[in-house]
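Counting from 9, one number per residue, gives the positions in the sequence shown under the working numbering. Okay, structure first, notes after.
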Amino acid sequence: MKPLFSAEGTACLDAIVRPGVLCVFDFDGTLAPIVAQPDDAHLPAPVRERLQTLQQHVPVAILTGRALRDIGSRLDFNADYTIGNHGLEGLPDSTDRRSAYSQVCSAWRGTVQAALADANRFEPTLLLEDKEISLSLHYRHARNQAAARQQLLALFATLSPPPRVIAGKCVYNLLPQGSGDKGTAFKQLMQLSGATSAIYVGDDVTDEDVFALARDDLLSVRVGQTTGSAAPFFLRRHADILRLLDDLAARLKASEISHAAETALPAAAASNSATSLTTHAKDHS
């Protein structure tokens, strides 16, 4: 991984960020800082203002693990595309699968709730987040996180049908088998939007499904440097998202000004030519 704000990163930004680019962002840990309680997360005003500025130039998409009903109240911003539940909500075919996924998660929910209620097995600090068509188990506040991980994985192995388990930052996400992931959702989003290129910014394991896509039209950026990530570039810290948003907006504005100037020159030349011909004709009349 290399810093995005480097010579190599600048070259990639030059190649990808142009009119027609789609700017896609994860929410938690990317646009919003990680917080102790998931319910406390919100979009900081400086980030929201910059997203709105960016949206004046190109479409902006949010691709999050949160449910749509949850993320909407936290954005205070109308993105061009909002995709929730790791891609299970917000895409054209999402309603076709919702009923089946909901039934699967309902069965899991009962088993998980019963297990978590047993104080002899699990710490009371574990949190079940019910997103209707997926579940998340948070263990950030567990006294022994390593033990909590092992206990949760053992619990997941008893669920039927077996879930697709995606690890995150002190969280496990349970998705129905065959439900896809953020990478699948991103590819659908590119088709839906008709974008000619895209930049994707994320910070967690679930974002690796996008980072791993081998696409010449995609620039992937991870918030925070880590070993083993498929993202070629990283932002050193969460606060650098402000710098990136400013950079994207400035590039696109400059591109629009340049395009307007290039368009105006032939028009001005044609106008001057027409004026010259008219004057010449009058002189000989």
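Just so it is clear, CB atoms sit at the ideal spot from N, CA and C, and this is done for glycine as well.
Unbroken alpha helix (DSSP H) runs of no fewer than 4 residues, entirely contained in the region 79 to 126, are found at 102 to 124, following chain order. The continuous beta strand (DSSP E) containing residue 137 extends over residues 135 to 138. Look at residue 24 here: in three-state DSSP terms it is helix.
As the crow flies, the alpha-carbon of residue 207 is around 22 Å from that of residue 76.
Annotated as distal: residue 142 and residue 179, with beta-carbon spacing of 7 Å or more.
Residue pairing by DSSP places residue 182 opposite 143, 173 in a beta bridge. A contact is defined here as three or more CB-CB pairs under 8 Å, and the region 159 to 176 meets this definition with respect to the region 184 to 204. Between residue 147 and residue 134 the beta-carbon gap is near 6 Å, inside 8 Å, which marks them as a contact. Burial state of residue 161 is exposed, judged by a 10 Å Cβ sphere holding fewer than 16 other Cβ atoms. DSSP places residue 151 outside both helix and strand once states are collapsed to three, so it counts as coil.
For the options 25, 221, 32, the alpha carbon positioned closest to that of residue 92 is the one of 32. Assigned with DSSP and collapsed to three states, residue 249 falls in helix. Classified as exposed, residue 268 has fewer than 16 neighbouring CB atoms from the shown chains inside 10 Å of its CB. Residue pairing of residue 76 in beta bridges, as defined by DSSP: absent, with no partner found. Residue 114 has its alpha-carbon roughly 42 Å from the corresponding atom of residue 65. Per the coordinates, the alpha-carbon of residue 128 lies some 38 Å from the alpha-carbon of residue 51. In the structure shown, the three-state DSSP call for residue 164 is helix. Beta-bridge partners of residue 11 (DSSP): 242.
With a threshold of 16 other beta carbon atoms within 10 Å, residue 220 falls short and is exposed. Leaving aside the five residues that flank residue 58 on each side, the residues in its chain whose CB is nearer than 6 Å to its CB run, in chain order, 253. One thing to note: residue 213 has its Cβ within 7 Å of the Cβ of residue 176. Per DSSP, residue 232 is not a residue of any alpha helix (DSSP H), being assigned neither H nor E.
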